[in-house]
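For reference, the structure is listed below as structure tokens.
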Amino acid sequence: MIVDSPKVETRLVYAHGLAAFGTLFISLLFGMLVAMEMAVPGSVDAAPWLTWGRLRYDHTQGIMLGWLGNAFFAFLYHAVPLLTGRPVTSARLGQWIFGLWNFAIVLPGWILVLAGFSQPLEWAEFPLVIDAFVVLALLLAAVQFLPPFFASGIEDLYVSSWYVIGALVFTLLAYPMGNFVPELVPGARGAAFSGLWIHDAIGLFVTPLALAVIYYVIPAATGRPIYSHFLSMLGFWLLFFLYPLNGTHHYVFSVIPMSAQVGAIAASTLLGFDVILVVANLLLSVRGTSWFKRDMGLRFVVTSVWLYLIVSIQGSVQAQMSVNQSVHFTDWVVGHSHLAMLGFASFAAAGGIIHAWQRIPGARYNPMLVGAAYWLLLAGVVTMVADLTVAGLVEAHLWQSSAPWIESVRAARPYWIVRVFTFLPIAAGFALLLGGLTVADFGAEQA
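434 is the number that the numbering used here gives the last residue of the sequence shown; the numbers go up by one with no jumps.
See below:
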């Protein structure tokens, strides 16, 4: 249940919101340079710090920790007091978290990776010294946001609150496993732990916080309750039970025991059914509300729901051995990742920021710019994902044939060139979104 709050730390909403956009644009630049290097080899690697691997590491970590991490923190500073009727633990603690996250994690992490210090681990590329600060920041975030929930009584928690609690607790447990353990455990065993984190980063950090935003914004913007609380809680528990089992499907046909591979494939399949339940519940909650025209935050959030359905079904399908055998290592997987992070998660994060921003007294807001941003972002993301998906299918077909491997590179190059140009609508969309939140006076709505 959403109740009145004594205080929302609007300065921290602003700070993390603006930091989210700042780190996002830098991360997009890294991604564009990576895409250019794929399309035109040798075009940007004039110095060691501009090599493909270093730029790609900074791109992925910047999107997850810089853009999405800050965006989710901004939303939590708005939502937690409203969900619990209590302020967050401390505004001063919030300032420390902000400083740690941006100036002890994201910024130095980028610099160290460009200087050649990193971990060769998926979604764990920042070096170990940065990982220590991430764990510290996650611990402080738990201290900042969890006490208001427990103080208000867990028997009355709304489903959005459950997702916030689950994300903060499970990420704090999973992050050391995926970032420290693979450094200590050699060979396939270390890879197995790394594989678990690949999906825990998405499934225990990004997805729960994105769903927390969605479950919050839909009833807050429509004035109507979620269709089924039972389906909401069923989806919550299935997510946190199944997602930690998924990671090994990244190592199908590997030396990791087949029982672990089959278990991951089964969990991936069941998770697809869970997502169908969650999405059906959310879409039934907005039926007849004219969400597409009325509320920009809601528009972003509901689009995120549809993208969540598509990317999750795609993930369940590509986990199957027959499909995985063909598309693994192709651009299909790259498209899948972008659909998850720049599609589902980013649209949810943007919707959460828009919703919170509109309710800050004296905040600036331009609905025309935000509306244009929506269409540019949707067009850019859909074009990029479709382009990479087709490229992956072309590569898979050539790899299954007797054609030399270099033929798949030549065949994929036109698609890589298209991907470079999709940077333009995506970057322009995010720029307009930032402009829509920083120009034109707008009287804050009541939460």
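The C-beta atom is built at its ideal place from N, Cα and C for all residues, glycine as well.
The structure presented is a predicted model; accordingly, all values stated were derived computationally and were not measured.
Nearest-angstrom Cα separation, counted from residue j out to residue i
{"i": "Phe62", "j": "Ile92", "result": "20 Å"}
{"i": "Trp403", "j": "Leu196", "result": "31 Å"}
{"i": "Arg281", "j": "Glu109", "result": "40 Å"}
{"i": "Arg41", "j": "Val314", "result": "25 Å"}
{"i": "Ala253", "j": "Ser324", "result": "20 Å"}
{"i": "Gln387", "j": "Asp374", "result": "20 Å"}
{"i": "Phe120", "j": "Leu155", "result": "15 Å"}
{"i": "Ala178", "j": "Ile243", "result": "9 Å"}
{"i": "Tyr1", "j": "Val310", "result": "44 Å"}
{"i": "Ala129", "j": "Leu329", "result": "26 Å"}
{"i": "Leu101", "j": "Leu159", "result": "26 Å"}
{"i": "Leu11", "j": "Gly4", "result": "11 Å"}
{"i": "Thr256", "j": "Trp362", "result": "32 Å"}
{"i": "Leu37", "j": "Leu99", "result": "13 Å"}
{"i": "Ala175", "j": "Leu326", "result": "28 Å"}
{"i": "Gly190", "j": "Pro401", "result": "33 Å"}
{"i": "Ala6", "j": "Asn89", "result": "8 Å"}
{"i": "Ser395", "j": "Arg79", "result": "54 Å"}
{"i": "Phe260", "j": "Leu198", "result": "16 Å"}
{"i": "Ala306", "j": "Leu296", "result": "16 Å"}
{"i": "Ala431", "j": "Asp187", "result": "Note that Ala431 scores 45 on pLDDT, short of 50, meaning its location in the model is unreliable; the coordinates nonetheless yield the value given after this. Ala431 and Asp187: Cα-Cα distance of roughly 36 Å."}
{"i": "Ile141", "j": "Val262", "result": "25 Å"}
8 Å contact criterion, which residue i and residue j should meet: CB distance rounded
{"i": "Asp32", "j": "Trp39", "result": "7 Å"}
{"i": "Ala359", "j": "Leu419", "result": "5 Å"}
{"i": "Ala251", "j": "Asn233", "result": "6 Å"}
{"i": "His342", "j": "Ala207", "result": "7 Å"}
{"i": "Ser14", "j": "Trp54", "result": "6 Å"}
{"i": "Thr409", "j": "Met371", "result": "4 Å"}
{"i": "Phe8", "j": "Gly49", "result": "Contact doesn't hold; Cβ gap of about 12 Å is too wide."}
{"i": "Ile413", "j": "Val357", "result": "About 15 Å separates the two Cβ atoms, so there is no contact after all."}
{"i": "Ile205", "j": "Val266", "result": "That pair is no contact at about 12 Å."}
{"i": "Gly81", "j": "Leu(-1)", "result": "5 Å"}
Beta-carbon proximity check, residue i vs residue j, cutoff 8 Å
{"i": "Val151", "j": "Gly339", "result": "no"}
{"i": "Ala415", "j": "Thr317", "result": "no"}
{"i": "Ser303", "j": "Phe331", "result": "no"}
{"i": "Val67", "j": "Pro135", "result": "yes"}
{"i": "Ala336", "j": "Ala124", "result": "no"}
{"i": "Thr71", "j": "Ser181", "result": "no"}
{"i": "Pro212", "j": "Gly103", "result": "no"}
{"i": "Ala366", "j": "Val381", "result": "no"}
{"i": "Asn268", "j": "Ser219", "result": "yes"}
{"i": "Gly203", "j": "Ser147", "result": "The sequence given here places Tyr at residue 203; Gly does not occur at that position. Contact: yes."}
{"i": "Phe334", "j": "Leu385", "result": "no"}
{"i": "Gly379", "j": "Val298", "result": "no"}
{"i": "Gly222", "j": "Leu264", "result": "yes"}
{"i": "Gln345", "j": "Gly284", "result": "yes"}
{"i": "Phe227", "j": "Gly349", "result": "no"}
{"i": "Val75", "j": "Phe137", "result": "no"}
{"i": "Met164", "j": "Val239", "result": "no"}
{"i": "Ala111", "j": "Arg406", "result": "no"}
{"i": "Tyr214", "j": "Ser272", "result": "yes"}
{"i": "Tyr162", "j": "Val193", "result": "no"}
{"i": "Ser127", "j": "Ile84", "result": "The question names Ser, yet the displayed sequence has Leu at residue 127. Taking 8 Å as the Cβ cut-off, Leu127 and Ile84 qualify as a contacting pair."}
Per-residue burial, residue i [other beta carbons within 10 Å of its own, 16 or more giving buried]
{"i": "Glu(-4)", "result": "buried"}
{"i": "Pro169", "result": "buried"}
{"i": "Gly96", "result": "buried"}
{"i": "Met355", "result": "exposed"}
{"i": "Asp143", "result": "exposed"}
{"i": "Trp184", "result": "buried"}
{"i": "Arg274", "result": "exposed"}
{"i": "Val116", "result": "exposed"}
{"i": "Gly86", "result": "exposed"}
{"i": "Gly29", "result": "exposed"}
{"i": "His237", "result": "buried"}
{"i": "Gln393", "result": "Note on identity: in this sequence residue 393 is Ile, with Gln being the wrong assignment. Exposed is the call here."}
{"i": "Phe217", "result": "exposed"}
{"i": "Gln301", "result": "buried"}
{"i": "Met245", "result": "exposed"}
{"i": "Leu171", "result": "exposed"}
Worksheet entry | Continuous alpha helix (DSSP H) assignments of at least 4 residues falling wholly in the region 172 to 242 | 174 to 187, 194 to 209 and 216 to 229
Worksheet item: For the region 281 to 343, which segments carrying the alpha helix (DSSP H) assignment without a break, of at least 4 residues, lie completely within its bounds, in sequence order?
Response: 283 to 305, 308 to 314 and 318 to 325
Discussion item. To test your reading of the DSSP string, which unbroken alpha helix (DSSP H) runs of 4 or more residues are found completely within the region 21 to 77?
Written reply: 39 to 48 and 56 to 71
Item to complete: Return the chain-ordered ranges of every alpha helix (DSSP H) run that is complete within the region 348 to 420 and spans a minimum of 4 residues.
Response: 354 to 387
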